[in-house]
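J.: In this note's numbering, each residue carries its 1-based index in the sequence shown increased by 13.
Just so it is clear, CB atoms sit at the ideal spot from N, CA and C, and this is done for glycine as well.
Remember, predicted model here, so these are calculated numbers, not experimental data.
Below you will find the structure I want to go over with you.
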Amino acid sequence: MACDTFVTIAQKCRRHFIAQQPGEPCPFVEEIIANAASITSDLEPQQINRFCEAIGYLISAQLNSQAQTQLISGLMQPANDMWDTLVQQAGENINVLEDLKIVKQLGNILRNNVSACGAVGKGFISQIGRIYIDMLGLYKAVSEIISGCVARDGEIATRYANVRAMRTIKKEALLVVDTYVKHCDGEVAAVNENMVPPLLEAVLADYAQNVPPARDAEVLKTMNTITSALGGLMTDKIPIIFNSLFESTMGMINQDFTEYPEHRMAVYQLLRTINQKCFSATLNLPPQQFRFMVMSVMWGFKHTLRDVADLGLTIALEMINNFNICDRAISDAFFQTYFVELLNEIIVVLSDNDHKGSFRLQCMVLARMIHLVESNQITAPLFDASLPENANFSNNMFVRQSIANLLATAFVNLNQRQIEVFVEGLFNFNDEFEKFRNHVRDFLIQTKEFAGDNADLFLEETEREIEQKKLQEKEMAQQIPGMLKPSEMEEDE
Numbered sequence: 014m015a016c017d018t019f020v021t022i023a024q025k026c027r028r029h030f031i032a033q034q035p036g037e038p039c040p041f042v043e044e045i046i047a048n049a050a051s052i053t054s055d056l057e058p059q060q061i062n063r064f065c066e067a068i069g070y071l072i073s074a075q076l077n078s079q080a081q082t083q084l085i086s087g088l089m090q091p092a093n094d095m096w097d098t099l100v101q102q103a104g105e106n107i108n109v110l111e112d113l114k115i116v117k118q119l120g121n122i123l124r125n126n127v128s129a130c131g132a133v134g135k136g137f138i139s140q141i142g143r144i145y146i147d148m149l150g151l152y153k154a155v156s157e158i159i160s161g162c163v164a165r166d167g168e169i170a171t172r173y174a175n176v177r178a179m180r181t182i183k184k185e186a187l188l189v190v191d192t193y194v195k196h197c198d199g200e201v202a203a204v205n206e207n208m209v210p211p212l213l214e215a216v217l218a219d220y221a222q223n224v225p226p227a228r229d230a231e232v233l234k235t236m237n238t239i240t241s242a243l244g245g246l247m248t249d250k251i252p253i254i255f256n257s258l259f260e261s262t263m264g265m266i267n268q269d270f271t272e273y274p275e276h277r278m279a280v281y282q283l284l285r286t287i288n289q290k291c292f293s294a295t296l297n298l299p300p301q302q303f304r305f306m307v308m309s310v311m312w313g314f315k316h317t318l319r320d321v322a323d324l325g326l327t328i329a330l331e332m333i334n335n336f337n338i339c340d341r342a343i344s345d346a347f348f349q350t351y352f353v354e355l356l357n358e359i360i361v362v363l364s365d366n367d368h369k370g371s372f373r374l375q376c377m378v379l380a381r382m383i384h385l386v387e388s389n390q391i392t393a394p395l396f397d398a399s400l401p402e403n404a405n406f407s408n409n410m411f412v413r414q415s416i417a418n419l420l421a422t423a424f425v426n427l428n429q430r431q432i433e434v435f436v437e438g439l440f441n442f443n444d445e446f447e448k449f450r451n452h453v454r455d456f457l458i459q460t461k462e463f464a465g466d467n468a469d470l471f472l473e474e475t476e477r478e479i480e481q482k483k484l485q486e487k488e489m490a491q492q493i494p495g496m497l498k499p500s501e502m503e504e505d506e
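As structure tokens, this is what we get:
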């Protein structure tokens, strides 16, 4: 509790600790750092992490970069001394990493770096530069030991205490990078040049070669953070990321909809970031790999886990929009190959009782696809134009017929006129989303397939009502002094 309180004080009053007060020989933060060993002597490792975080917030208030670097060096000196000793021992004899106590000490040192980095921000680069190469070397070393244990004893080795501790080192090393990159505003070129190449060398092959239980989702999360921060600078690295991470991860999770939930979210978040920031890189993927990516997106929105399904649908919508505005030859090739398949899968999940939670996004994707057809933005024929019977066919007619055929198969209880009215409404309301969504919802409620609880189809309205009710309750509470907790009150500027 004392450490948590210190963190709060450090966040709120950081400038007072940095400024030298009258009658004091130095700023208070320097005195705290000088006496850190005695202050933290009785603390547990996780409490020391919180202490480092608090001091990090104080250091972040120091605007002079040279003075800030000196403060960071002073804060991390005890940890750095121990780090140097342990890394030197490991370099002389790799077997010391079999010692659980040493492995835990290394993990705690990395946690201290994560805590301090998150609080200090991009100024922490001086400390990261000091330990970075040794940290990646340690990552490789423990990876080799883990792989050796798994090769010797099988997947059960991933449950051994020393292996779990070594995996903690790997995770914390990745968190150091992840945390810094999130705060590296203005330093992306340096990150791309100095940090990314050795990281990819240490991480990617190790992830691909490991057995699934030994693969850390933090690898995917860190790559997502780096891709998001560096954007186009990562374009040339996307192919190797796909080869090492994407296919191996999909092989882990495509057997069912439940195993490795953390990896599921992380790989789809990475895929979305690549689609947003490095879309041109996906165009250069080999055809087989590109198809695998598109199939993975469609498999994603079939998930019964709503978070994954929503991500899959969001990626599909953004991918469709990206292809619609890129070179027309590329756009035509994509839509001719995948439009009908995407349309079929959207109709399937839309008419599936287990996927009602993603109803809004399903409608958004369907409306967008129909709008592209109805407004003639897709110029290439989506049907086989070489057949004589299709001589006077159009994309509009073809998609209408395709949707009608799908619905007739899915809902055998509906007559042809009901389906025709519904399809006509889809094309009439495709650019008025509220009307489009209500039209689809009314149709689904008509069907026997959706008889029973349809609350999820009204999820957006329900959430809006709940939010409105909370807002009204808060406004009423503000009228009565003492009804709101301090944490619920807005801070005065």
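What residues in its chain sit with their C-beta under 7 Å from that of residue 445, if we drop five residues either side in the sequence?
T.: Same-chain partners within the cutoff: there are none.
J.: Classify residue 269 as buried or exposed, calling it buried when 16 or more other Cβ atoms lie within 10 Å of its own Cβ.
T.: It counts as exposed.
J.: Of all the options 273, 225, 158 and 68, which has the alpha carbon lying nearest to the alpha carbon of residue 107?
T.: Per the Cα distances, 158.
J.: Quick check for students: name the residue ranges of the beta strand (DSSP E) that lie wholly in the segment 276-345, counting only runs of 3 or more.
T.: If we require 3 residues or more, the segment 276-345 turns out to have no beta strand (DSSP E) run fully inside it.
J.: Residue 114 lies in the alpha helix (DSSP H); which residues open and close that run?
T.: Where residue 114 is concerned, the enclosing alpha helix (DSSP H) stretches over 113-133.
J.: Quick check: the Cα distance between residue 191 and residue 243, rounded to an integer number of angstroms?
T.: Using only the alpha carbons, I get a separation of about 12 Å.
J.: To the nearest angstrom, how far is the alpha carbon of residue 118 from that of residue 48?
T.: If you take the alpha carbons of residue 118 and residue 48, they lie about 21 Å apart.
J.: Among the residues of its own chain, which have a CB less than 8 Å from the CB of residue 199, if the five just before and after it don't count?
T.: These residues qualify, in order along the chain: 135.
J.: Since residue 85 and residue 140 should fall inside the 8 Å C-beta cutoff, what is the C-beta to C-beta distance between them, to a whole number of angstroms?
T.: Confirmed, about 5 Å.
J.: Taking the straight line between their C-alpha atoms, what separation do you get for residue 378 and residue 329?
T.: Each residue's alpha carbon lies about 7 Å from the other.
J.: Please work out which residues of its chain come closer than 8 Å, Cβ to Cβ, to residue 464, disregarding the five sequence neighbours upstream and downstream, and give them in chain order.
T.: Confidence in residue 464 is poor, its pLDDT being 45 and thus under 50, which makes the residue's placement unreliable; the coordinate value appears in the next sentence. There are no such residues.
J.: Report yes or no: do three or more beta-carbon pairs, one from the segment 440-455 and one from the segment 369-386, lie closer than 8 Å?
T.: Yes: the two stretches touch, three or more of their Cβ pairs being nearer than 8 Å.
J.: Looking only at its chain, what residues have a beta carbon closer than 8 Å to the beta carbon of residue 285, apart from the 5 residues adjacent to it on each side?
T.: Around residue 285: 324, 327, 328 and 331.
J.: Taking three-plus beta-carbon pairs below 8 Å as touching, is the segment 368-377 in contact with the segment 340-347?
T.: Judged by Cβ distances under 8 Å, the segment 368-377 makes no contact with the segment 340-347, as fewer than three pairs qualify.
J.: Within 10 angstroms of its Cβ, does residue 504 collect 16 or more other Cβ (buried), or is it exposed?
T.: Reliability of the predicted coordinates at residue 504 is poor, the pLDDT of 48 falling under 50, and the value obtained from them is presented with this limitation in mind. Exposed, since its Cβ has fewer than 16 Cβ neighbours within 10 Å.
J.: Whose C-alpha, out of 15, 17 and 41, is nearest the C-alpha of residue 27?
T.: The option with the nearest alpha carbon to residue 27 is 41.
J.: I'd like the list of long-range same chain contacts for residue 415, defined as Cβ closer than 6 Å, with 5 residues on each side in sequence excluded.
T.: Contacts found: none.
J.: Between 163, 226, 234 and 206, which has its C-alpha nearest residue 195's C-alpha?
T.: With distances taken between Cα atoms, residue 195 lies closest to 234.
J.: Say whether the segment 201-217 touches the segment 159-176, bearing in mind that this needs 3 or more beta-carbon pairs closer than 8 Å, one atom from each stretch.
T.: No, they do not touch.
J.: On a CA-only basis, which of 249, 262 and 257 is nearest residue 296? Give me that one, please.
T.: When each option's Cα is compared against that of residue 296, the closest is 249.
J.: Is residue 10 helix, strand or coil when you go by DSSP?
T.: Because the chain here runs from 14 to 506, residue 10 falls outside it and cannot be looked at.
J.: Going by C-alpha to C-alpha distance, which of 112, 100, 43 and 115 sits closest to residue 81?
T.: If we check each option's Cα against that of residue 81, 43 comes out closest.
J.: Distance, Cα to Cα, residue 181 vs residue 216?
T.: Spanning the two alpha carbons is a distance of roughly 14 Å.
J.: With DSSP as the reference, label residue 84 as helix, strand or coil.
T.: DSSP places residue 84 in helix when its eight states are reduced to three.
J.: On a CA-only basis, which of 400, 150 and 58 is nearest residue 214? Give me that one, please.
T.: Residue 150 is the option with its Cα nearest to residue 214.
J.: Any idea what DSSP makes of residue 465, helix, strand or coil?
T.: Unreliable positioning characterises residue 465 in this predicted model, as indicated by a pLDDT of 48, which lies under 50. A coordinate reading is not provided.
J.: Are residue 3 and residue 236 close, meaning C-beta to C-beta below 8 Å?
T.: Any property of residue 3 remains undetermined from this structure, which presents the chain solely from 14 to 506.
J.: Assign residue 61 to buried or exposed, taking buried as 16 or more other Cβ atoms, counted over all protein chains shown, within 10 Å of its Cβ.
T.: Buried, because 16 or more other Cβ atoms sit within 10 Å of the Cβ of residue 61.
J.: Going by Cα to Cα distance, which pick from 88, 65 and 154 is closest to residue 104?
T.: If we check each option's Cα against that of residue 104, 154 comes out closest.
J.: For my contact list, residue 427 and residue 420 are in at a C-beta cut-off of 8 Å; report their separation, rounded to the angstrom.
T.: Between residue 420 and residue 427 the Cβ distance is about 7 Å, and since that is below 8 Å, they are a contact.
J.: Report the residue from 16, 75, 57 and 64 whose alpha carbon sits nearest the alpha carbon of residue 32.
T.: Cα-wise, what sits closest to residue 32 is 75.
J.: Assuming the contact rule is C-beta atoms closer than 8 Å, residue 189 and residue 116 should be a hit. Round their C-beta distance to whole Å, please.
T.: Rounded, the Cβ-Cβ distance is 16 Å, inconsistent with contact.
J.: Out of 391, 314, 380 and 148, point me to the one whose CA is closest to residue 368's CA.
T.: Nearest option by C-alpha distance: 314.
J.: Using 10 angstroms around the beta-carbon of residue 290, count the other beta-carbons present and answer buried if the total reaches 16, otherwise exposed.
T.: Residue 290 is buried by the Cβ-count criterion.
J.: So what's residue 391 in DSSP terms, helix, strand or just coil?
T.: Coil, per DSSP.
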